[in-house]
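Let me begin by presenting the structure, written as structure tokens, before commenting on it.
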Amino acid sequence: DIQMTQSPSTLSASAGDRVTITCRASQNVDIWLAWYQQKPGEAPNLLIYKASILESGVPSRFSGSGSGTEFTLTISSVQPDDFATYYCQHYSGRFRSFGQGTKVEIK
Amino acid sequence: EVQLVESGGALVQPGGSLRLSCAASGSSFSSHQMSWVRQAPGKGLEWVAKIIQDGSEKSYVDSVKGRFTISRDNAKNSLYLQMNSLRVEDTAVYYCARDWRDMTSGRPFDYWGKGTLVTVSS
Chain P
-19 DIQMTQSPST LSASAGDRVT ITCRASQNVD IWLAWYQQKP GEAPNLLIYK
31 ASILESGVPS RFSGSGSGTE FTLTISSVQP DDFATYYCQH YSGRFRSFGQ
81 GTKVEIK
Chain G
-5 EVQLVESGGA LVQPGGSLRL SCAASGSSFS SHQMSWVRQA PGKGLEWVAK
45 IIQDGSEKSY VDSVKGRFTI SRDNAKNSLY LQMNSLRVED TAVYYCARDW
95 RDMTSGRPFD YWGKGTLVTV SS
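In structure tokens form, the structure reads like this:
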């Protein structure tokens, strides 16, 4: 099974800060990596797929990069609506798995 | 617009069974793989099971293999999760999610339901 590890687990930031979250896969997942945002009491929302493609309707301050085993999600200037928990997910082959999540908090 | 609506969540005793349903609206249900994802209270997301378009291939996370069965009825635009031998650790909100169509589209989990709560407790 492919394990996904995110860092950090929690991140404190102020509005306007640049925020970067890292996701590492235990095996090569090529570009089959997605990022989701989840707010309390809501279902997750797809932000990025194929490692770097922005989902329609997602603000351009979100970007993704990486391939193989190392990936990053960057928010160029975090806005009040962005304080939430973020998950990476691999989706190659028959199985899927999520990282443990990164909570972005207001500093 | 695709909508996914889960139902069937309940309080059940350890060792019991439950069947979850997910009703999909829109015309694209049969062209997509579908997955179940769960989230224990205060915890992260855990992928549970996936089924391909024609139902001929099913995949599960190790912790539910042999206990849970995913199925679908394309004529009814519906996804199911039969859960047997339930354990306290299966307590979670269960979401159905539209998985990808194929590698060309490459968009996973672009639509989610609001979830249904399963509580396993004596």
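Just so you know, the sequences run in chain order P and G. Be aware that the first sequence starts at -19, since it is given in the working numbering, and climbs by one per residue. Be aware that the second sequence starts at -5, since it is given in the working numbering, and climbs by one per residue. For glycine and all other residues, C-beta sits at the position ideal for the given N, C-alpha and C.
On the DSSP bridge assignment, give the partners of Val31/G in chain order.
Trp41/G, Tyr89/G
With a 10 Å radius around its C-beta and 16 neighbouring C-beta atoms as the bar for buried, classify Lys19/P as buried or exposed.
exposed
Proximity below 7 Å, CB of Glu85/P to CB of Ser(-13)/P:
no
Looking at the C-beta of Phe103/G, does it have a partner C-beta in chain P at a distance below 7 Å?
yes
To the nearest angstrom, report how far apart Tyr16/P and Ser40/P are at their CA atoms.
15 Å
Rounded straight-line distance, which links the Cα of Ile28/P to that of Ser45/P:
10 Å
Should Gln33/G be labelled buried (16 or more other beta-carbon atoms within 10 Å of its own) or exposed?
buried
For chain G, is any of its Cβ atoms less than 7 Å away from the one on Tyr66/P?
no
Give the DSSP-derived three-state secondary structure of Asn25/P in the structure shown.
strand
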